[in-house]
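Take the sequence shown: its position 188, counting from 1, is numbered 197 in my numbering, and each next residue is one higher. Even for Gly, the Cβ is constructed at its ideal location relative to N, Cα and C.
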Amino acid sequence: MALFKSVVIGAAAGWMVMASTVMAFPFGKKAEAPAAAPSNKAMLPVDRDEALRADPLSRSAYFARAFERNPTDAQAGIDLSHALRALGRFDEAADVAHRVLLFAPNNIEALTAAARAHIASGNGFYAIEPLDQALKLKPSDWQNWSLIGVAYDQSKRGAEAQVAWDKALSLSPENPTVLTNKAISAASGGKLADAEALLRRAVAQPNATLAMRQNLALILGLEGKMTEAEALLRRDLPPDIADANLAWLQHSLSGPTNTRTWDSLKAGEALKAGS
10 MALFKSVVIG AAAGWMVMAS TVMAFPFGKK AEAPAAAPSN KAMLPVDRDE
60 ALRADPLSRS AYFARAFERN PTDAQAGIDL SHALRALGRF DEAADVAHRV
110 LLFAPNNIEA LTAAARAHIA SGNGFYAIEP LDQALKLKPS DWQNWSLIGV
160 AYDQSKRGAE AQVAWDKALS LSPENPTVLT NKAISAASGG KLADAEALLR
210 RAVAQPNATL AMRQNLALIL GLEGKMTEAE ALLRRDLPPD IADANLAWLQ
260 HSLSGPTNTR TWDSLKAGEA LKAGS
């Protein structure tokens, strides 16, 4: 069960930690089983631009064919990795990215794609090496500093995660994605006040997302600030979804005090905003 019920608003979905991409990884939600592959008679996109605008299943089918036709087409492999990750097929996404790296070991996009897939599956340890290589090639990339922070955090290397996120913020001051990553890490460590402060900075940015505001709403709820939490939920969600989320949160918080923590509320493995 996801922390908050999901609702589609434009292209954004309900409870998740958004990033400029792990862009959007669902937060507190296990990957759904991949949909069946389209039949041979299914209409596939006719070119890359159309494929990039298509749904993840259509994208995966298009780029799988392109990569099969030319196994040294790095861009097709990278696009296939992204599509597979969007379908929740994280191991396959990582495998495809690593196949690209066999013939293009210094391709930053492929290095990042491999790292994103490992992080999405909760295996951040395996993302550290490709991200380290990517950062050697492009040390000014705030997104990969943010990603490696998540990888370190998943690997229980908290001090290194903070250094990486601080580096990302030095390159992209007050970046809401990086602030959110720091906030979720703080919340997982029981530092709710720190998480609240960081998320307030994140949601104050003009490019803050619905998901970041919902993360703040949950933190506020955990702290007992239900009036403000409700206001945030009702700002973005239809009344029935907001009511359901509030009822769920109230029910969850009615349990023993030692269960009223960020980690005890999340269902499935938490996935932070990755970049």
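CA-to-CA, the gap between K176 and L208 works out to about 18 Å. N132 and G230 have their C-alpha atoms roughly 29 Å apart.
Taken in chain order, the whole alpha helix (DSSP H) runs of length 4 or more contained in the region 179 to 241 are 185 to 197, 201 to 212, 219 to 231.
Looking from the CA of R57, the closest CA among Q259, E101, L89 belongs to L89. When only Cα atoms are considered, K147 and A122 end up about 15 Å apart.
In this structure the region 194 to 203 does not lie against the region 212 to 220, because fewer than three pairs of beta carbons, one per stretch, are closer than 8 Å. Under the 8 Å Cβ criterion, the region 109 to 117 counts as touching the region 74 to 87, having at least three qualifying pairs. Rounded to the nearest angstrom, the gap between the Cα atoms of R68 and K234 is 43 Å. A residue is called buried once 16 or more other Cβ atoms fall within 10 Å of its Cβ, and E59, having fewer, is exposed. In the structure shown, K165 adopts coil according to DSSP, grouped into three states. Here the C-alpha atom of T186 lies approximately 30 Å from the C-alpha atom of Y71. Linking A83 to R210 through their CA atoms gives a straight-line distance of about 38 Å. For the options A102, Q142, V55, L178, the alpha carbon positioned closest to that of N116 is the one of Q142. Bounds of any alpha helix (DSSP H) do not take in T81, whose DSSP letter is neither H nor E. DSSP places N254 in the helix class (H, G or I) of the three-state scheme. Collapsing the DSSP output to three states places G133 in coil. For L61, the uninterrupted alpha helix (DSSP H) run begins and ends at 57 to 62, by DSSP.
When secondary structure is reduced to three states using DSSP, N153 falls in the helix class. The residue from L61, W154, N254, A95 with its alpha-carbon nearest to that of L227 is N254.
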